[in-house]
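Residue numbers (my numbering), protein chains in the order written: chain A, 18 to 378; chain B, 18 to 378.
Laid out in C-alpha cells, this is it:
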C-alpha cells in the first residue's frame, strides 16, 4: 500500500457492529449440506420455464417500484388484498425494514432469548432497545411473559432453532396483550405444518406476518420474501423501503416468484415429502436415544445427554455432513439438522450411529 | 374492514418519512421513455446466454455471502483487489449501507443542494445530520465549499440532474480537504465519459467510489451495484450489510453480472452510441435556442428562458414522450432528458419544435 497516512479520524465515525453469522455456504459435490435449512428439492419446473422464457432485454428497464404483479399474485393466493402485501429482497430485508418502520419506541422490543439470532442484530443496527424473554424450560414461548409494556414484539413461528410452533390461541393472546405495539410473526418455516396468523391481519391492524420463498419454495438463491399486514402498516413499510432502495426486487425475481406461486401442486407435493422425511428422521433419532423437539419446520433440533453436540458436529463435518451447532447458553448441547432427502438422512443417521457406537456415547 | 378498534398507540411508533420519488415506471408499447436514465440498448447478448444457461435448480441454495466471484470479476476489471470491492442490490443499496456505515458523526454530512435527491432521504432514514451546499451559479461543485468541518462528503460525479462532471484535480482537492471524513463519489453515470476516482482508493483510504450496472450496462431491472474503497472501509461495509441482510444479491444476478463485465467490447460499443446520440441531440437543442449543460452522463439537462419547462414536460407527456421535470428551486425551468436511440431523440426534437413553433415560445 502506498496510501498517504492520515490521522484516521474518519475511522471514529465508522459503524462497529457484530454481524449476523449465517451457516457456512460452501458447495463441494460430496457435501451433505444440512446447515442452512435449504430445501433438498429443486424449485418448481415452472420457475425454470419462467426464467428460460424471460425476455432478458427487459432488464434495461427498472422494475415497477411496488413489485405490483407479485403482490397481486401473493394476495390472491392468500385471500387478502394487494394493499396488504409487501415484497422484499428476502424475508431478512422485509424484517429489517419492518423493525425500522415499526419499532420507534423508547421501550424495548421483546423477543425470546432463543430465536432467530438476526433479531438482536437488527435492533443494534437500527439502535432499537430490546429485551430477550427466556423461553420456558421446555423451550415454549409463554404469551404472558409478553404482557408487559414494550416497544414491539417479534416471534418466529415455528421458532428457530427449536422448531416448536405455537397455535392460534397463543397468537391471539399475544395480540390481545399487545394492542399498543406492532407484533411481528416471522413465519419463514410456516409452510411445513405450523399455524399461520395471516387471516388475523384483518382483525389486528398492528400485526405483521412475514414469509419467504427461500425454504418452502426452494428459492433461497433468488432472494424473495414478503409480509402481510393492514394496509396502513404496509403503506408505512413501503415508505420506509422507498427511503432505502426504490427497487429491491429484480424483474427476473418477480417473474420467477409468480411462477413458483402458480405451481401449487408441486409446492404441496414437495412440502409433504420434506414433512415425511422430517417425521421419519425424528423417530429414528428418538430410537437412538436422542431428544428431538416436535418440529413443525424443515429442521430438527436434537440433543442427547451423553453425547457432546460440539464433538458430534465436528465428527459429521469431518465426514462431509454439515449441520449447525450454536455455541450459546441453554442450547450448546443441541444440533440443528436441516431435513434433506431420505438419502441425506440415511447417511446422517448412519454417521451418527457410527459415532455413538464407536465412542459408546 | 371488520378489525377490532384499538386506540392505535402502536401508530405513534411508526416511522414517518417522505420517501425518494423515482421517475414514473410505466410501460406502454408506444411510450418513448426518457425519464429514468435507462439505457436504450439491451444488455449484452452474453447476459442473455448466462441467464439461459443458468442452472435454476441451484436456486434452492443461498448465494455465497460475499458475492465473491462477482467481486473478483469487478476487481480484475478495475485493477484492484477483491477486498477493495463491495457488491449490493443496486447502487442505491450500496449507497444506503455506505451512509449507515460511514456517517456516524454529529457533524453534518455535506452534499450539493442540487444532486441525487436520494442523499437527503438516506440521511433522514438513518438520522444522519446533513447540510446542502449550493452549487455555483453555473451549477459547478466548488471544492473549497467542502473544506469545512463535516461528518462526511457525498458527491455524484457526473452530478445529477446537471450532468456536469468534475475532474481529477477537483476530486483530489476535495479529498485533501477532507482527511477526517469519508468521501463518497457516486459514479452511477461515470462510464459515459467522466473522470473516475477509482484509482485514488489506494491513495486515500477514506474514499468510497460507487458504480452501477443499471445505466451503462443496461441492467436496471437486475439490481446490481458496487463500490470500491480501502479494504478497511469495505470490511466495515460488509459488517453493516451482514447486520442488515446476509444475502443481498441473487445467484442469478451474480452470474448475469459476471457475463456483463466479461463482454467489454459490447459495453464500449454501446456506450459510444449513447455518447454520440447525446452530443448530437445537445447540438440540435442548442440550435433551437436551448441552453444545454455539458453533460458527461446519459441524459441532458436543458432549459430555455422563454419556454416553460413544466408546460413542455406536459406537452411531451401528452404526446407519449416521458421526460423528467423536478419541481425544485433553481431548476424548476429545466428538463432532464434521458438519451435514447437516435430515433427516440428525433421524435423528441420533432415534438419540441412543434411545441415551440406552435406557441412561438
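By construction, the Cβ of each residue, glycine as well, lies at the ideal position given by its N, Cα and C atoms.
All values reported here derive from a predicted model rather than from experimental measurement.
Nearest-angstrom beta carbon gap, residue j and residue i [assumed within contact, 8 Å]
i                     : j                     : result
residue 113 (chain A) : residue 103 (chain B) : Their Cβ separation, rounded to whole angstroms, is 18 Å, which puts residue 113 (chain A) and residue 103 (chain B) out of contact at 8 Å.
residue 210 (chain A) : residue 101 (chain A) : No, residue 210 (chain A) and residue 101 (chain A) are not in contact; Cβ-Cβ is about 24 Å, not under 8 Å.
residue 257 (chain A) : residue 192 (chain B) : So it is not a contact: roughly 33 Å between Cβ atoms.
residue 39 (chain A)  : residue 263 (chain B) : 5 Å
residue 215 (chain A) : residue 119 (chain A) : Not a contact, Cβ separation roughly 17 Å.
residue 419 (chain A) : residue 30 (chain B)  : Since the first and last residues shown for chain A are 18 and 378, residue 419 (chain A) lies out of range.
residue 170 (chain A) : residue 163 (chain A) : 5 Å
residue 44 (chain B)  : residue 78 (chain A)  : 7 Å
residue 42 (chain B)  : residue 81 (chain A)  : 5 Å
residue 366 (chain B) : residue 301 (chain B) : 5 Å
DSSP three-state assignment for residue i, whether helix, strand or coil
i                     : result
residue 18 (chain B)  : Summary for residue 18 (chain B): the model assigns pLDDT 40, below 50, so the residue's position carries little reliability; its value from the coordinates is reported in the next sentence. Correct three-state label for residue 18 (chain B): coil.
residue 113 (chain A) : helix
residue 136 (chain A) : helix
residue 129 (chain B) : strand
residue 154 (chain B) : coil
residue 100 (chain B) : helix
residue 356 (chain B) : coil
residue 321 (chain A) : coil
residue 249 (chain B) : helix
residue 85 (chain A)  : helix
residue 373 (chain A) : helix
residue 50 (chain A)  : strand
residue 108 (chain B) : helix
residue 145 (chain A) : coil
residue 120 (chain B) : coil
residue 379 (chain A) : One cannot answer for residue 379 (chain A) here, as it falls past the ends of chain A, which runs 18 to 378.
residue 222 (chain B) : coil
residue 209 (chain A) : helix
residue 326 (chain A) : helix
residue 316 (chain B) : strand
C-beta contact flag for residue i and residue j at 8 Å
i                     : j                     : result
residue 240 (chain B) : residue 106 (chain B) : yes
residue 314 (chain B) : residue 180 (chain B) : yes
residue 320 (chain A) : residue 284 (chain A) : no
residue 199 (chain B) : residue 167 (chain B) : no
residue 317 (chain B) : residue 293 (chain B) : no
residue 11 (chain B)  : residue 128 (chain B) : As shown, chain B starts at 18 and ends at 378. That puts residue 11 (chain B) outside it, with no answer to give.
residue 217 (chain B) : residue 188 (chain B) : yes
residue 312 (chain A) : residue 299 (chain A) : yes
residue 68 (chain A)  : residue 165 (chain B) : no
residue 110 (chain B) : residue 242 (chain B) : yes
residue 206 (chain A) : residue 185 (chain A) : no
residue 238 (chain A) : residue 259 (chain B) : no
residue 66 (chain A)  : residue 276 (chain A) : yes
Whole-angstrom distance between residue j and residue i, CA atom to CA atom
i                     : j                     : result
residue 18 (chain B)  : residue 132 (chain B) : In this predicted model, residue 18 (chain B) has a pLDDT of only 40, less than 50, meaning its place in the structure is not dependable; the value taken from the coordinates is given anyway. Looking at the two C-alpha atoms, the distance is approximately 43 Å.
residue 88 (chain B)  : residue 124 (chain B) : 33 Å
residue 138 (chain A) : residue 116 (chain A) : 11 Å
residue 50 (chain B)  : residue 83 (chain A)  : 19 Å
residue 177 (chain A) : residue 202 (chain A) : 12 Å
residue 98 (chain A)  : residue 57 (chain B)  : 35 Å
residue 328 (chain A) : residue 335 (chain A) : 11 Å
residue 338 (chain B) : residue 63 (chain A)  : 36 Å
residue 308 (chain B) : residue 204 (chain B) : 24 Å
residue 53 (chain A)  : residue 174 (chain A) : 17 Å
residue 85 (chain A)  : residue 108 (chain A) : 17 Å
residue 147 (chain B) : residue 140 (chain B) : 7 Å
residue 20 (chain A)  : residue 220 (chain B) : Residue placement at residue 20 (chain A) cannot be trusted, given a pLDDT of 49 that sits under 50; what the coordinates show is reported in the next sentence. Computed Cα separation, rounded: 4 Å.
residue 48 (chain B)  : residue 272 (chain B) : 31 Å
residue 378 (chain A) : residue 324 (chain A) : 5 Å
residue 354 (chain A) : residue 304 (chain A) : 17 Å
residue 362 (chain A) : residue 253 (chain B) : 39 Å
residue 331 (chain A) : residue 90 (chain A)  : 44 Å
residue 410 (chain A) : residue 369 (chain A) : Because chain A spans 18 through 378 in this model, residue 410 (chain A) falls outside it and cannot be assessed.
residue 2 (chain B)   : residue 342 (chain B) : This structure gives no information on residue 2 (chain B), because the portion of chain B shown stretches from 18 to 378.
residue 281 (chain B) : residue 71 (chain A)  : 23 Å
residue 34 (chain B)  : residue 142 (chain A) : 19 Å
residue 197 (chain A) : residue 28 (chain B)  : 8 Å
residue 182 (chain A) : residue 136 (chain B) : 43 Å
Any non-hydrogen atom of the ligand NAD closer than 7 Å to residue i Cβ
i                    : result
residue 77 (chain B) : Of the ligands one can find in the structure shown there are none, so the ligand NAD has no counterpart to examine.
Requested in this report: Go through the region 271-301 of chain A residue by residue and report every complete run of the beta strand (DSSP E) that reaches 3 residues or more, in order.
Outcome: Segments of the beta strand (DSSP E) lying fully in the region 271-301 of chain A: there are none.
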